[in-house]
Amino acid sequence: MSTKIGFIVGSLRQDSNNLKTAQTFEKLLPEDVEANFIEISDLPFYNEDLEVAGKAPESWLRFRKEIAEMDGIFFFTPEYNRSMPAALKNALDVGSRPYGESKWDGKPAAVISVAPRGIAGFGANHALRQSLVFLNMPVMQQPEAYIGNFDSLLNEDGTFVEDTKNFFQVIIDKYFDFFNKLTK
Ligand code: FNR
Numbered sequence: 001m002s003t004k005i006g007f008i009v010g011s012l013r014q015d016s017n018n019l020k021t022a023q024t025f026e027k028l029l030p031e032d033v034e035a036n037f038i039e040i041s042d043l044p045f046y047n048e049d050l051e052v053a054g055k056a057p058e059s060w061l062r063f064r065k066e067i068a069e070m071d072g073i074f075f076f077t078p079e080y081n082r083s084m085p086a087a088l089k090n091a092l093d094v095g096s097r098p099y100g101e102s103k104w105d106g107k108p109a110a111v112i113s114v115a116p117r118g119i120a121g122f123g124a125n126h127a128l129r130q131s132l133v134f135l136n137m138p139v140m141q142q143p144e145a146y147i148g149n150f151d152s153l154l155n156e157d158g159t160f161v162e163d164t165k166n167f168f169q170v171i172i173d174k175y176f177d178f179f180n181k182l183t184k
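For the sequence shown, UniProt numbering gives the first residue as 1, with consecutive numbering after it.
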């Protein structure tokens with residue numbers, strides 16, 4: 001049976017650099033691992049008033065089911081005002097409820113931040129990690145995945161330069177070392 005990794009991209013933008021990065025990660029995964037891109041753009045803002053048994057928004061139920069089916073999660077996040085985007089925080093909140101039924105619990109995670117400048121989404125990366133502590137998700141600590149100065153990492157045809165692709169491969173290989181220690 002293949003290992004299922006949920007890919008959650010914190011940017012909703014069509015031409016997102018985070019999405020491009022995630023799509024490249026997908027190609028570098030081991031053969032027995034499947035990437036599942038999980039949509040967050042259709043999740044209404046979390047509101048406890050909508051959490052009525054059997055009547056919660058359809059997209060919340062779909063999202064929770066998809067997360068529950070995953071063995072691990074890769075988060076790809078831009079930085080918005082030195083934190084994670086609201087859409088990504090909302091997705092964490094939706095997946096964490098109803099109280100006591102969080103779908104995130106115990107799932108090994110990797111956090112990859114992608115940004116146009118040198119700070120490389122550090123603020124978003126660590127804001128996200130802060131929530132993952134509370135959600136009880138073990139997060140790979142090393143290597144840290146700060147992907148900065150985005151345009152300088154691309155060839156003219158829009159693919160990633162070899163050094164960057166090699167770094168992505170290291171992140172993936174180390175993640176599965178970490179994942180296997182926790183799950184096997
Ligand atoms: C940004 N951007 C940004 N960049 C950054 O490095 N640090 C920051 O704090 C912010 N803040 C911020 C706030 C808001 C509201 C927007 C819309 C943008 C720029 C951001 O890094 C850039 O738009 C990226 O390209 C977004 O990632 P995607 O969409 O390419 O994946």
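Heads up, the beta-carbon is just placed ideally off N, CA and C, and yes, glycines get one too.
Contact under 8 Å by Cβ, residue i with residue j
{"i": "Phe37", "j": "Phe75", "result": "no"}
{"i": "Phe150", "j": "Pro116", "result": "yes"}
{"i": "Pro78", "j": "Asn18", "result": "yes"}
{"i": "Val139", "j": "Ala109", "result": "yes"}
{"i": "Ser41", "j": "Ala87", "result": "yes"}
{"i": "Tyr146", "j": "Ala120", "result": "yes"}
{"i": "Phe122", "j": "Ser131", "result": "no"}
{"i": "Lys103", "j": "Gly72", "result": "no"}
{"i": "Ile5", "j": "Met70", "result": "yes"}
Neighbour-count burial assignment, residue i, 16 or more Cβ in a 10 Å radius
{"i": "Pro44", "result": "exposed"}
{"i": "Tyr175", "result": "buried"}
{"i": "Ala53", "result": "exposed"}
{"i": "Ser152", "result": "exposed"}
{"i": "Val133", "result": "exposed"}
{"i": "Met137", "result": "buried"}
{"i": "Gly158", "result": "exposed"}
Residue i: CB within 7 Å of a non-hydrogen atom of the ligand FNR
{"i": "Ile5", "result": "no"}
{"i": "Ala115", "result": "yes"}
{"i": "Leu119", "result": "This sequence places Ile at residue 119; Leu is not what is there. It does: the Cβ of Ile119 is within 7 Å (strictly closer) of some heavy atom of the ligand FNR."}
{"i": "Tyr80", "result": "yes"}
{"i": "Leu88", "result": "no"}
{"i": "Leu19", "result": "yes"}
{"i": "Ser16", "result": "yes"}
{"i": "Gly123", "result": "yes"}
{"i": "Ser152", "result": "no"}
{"i": "Ser11", "result": "yes"}
Residue i Cβ short of 7 Å to the ligand ATP heavy atom set
{"i": "Arg97", "result": "As presented, the structure is devoid of the ligand ATP, carrying the ligand FNR as its sole ligands."}
At least 3 beta-carbon pairs within less than 8 Å: the region 160 to 169 vs the region 83 to 103: no
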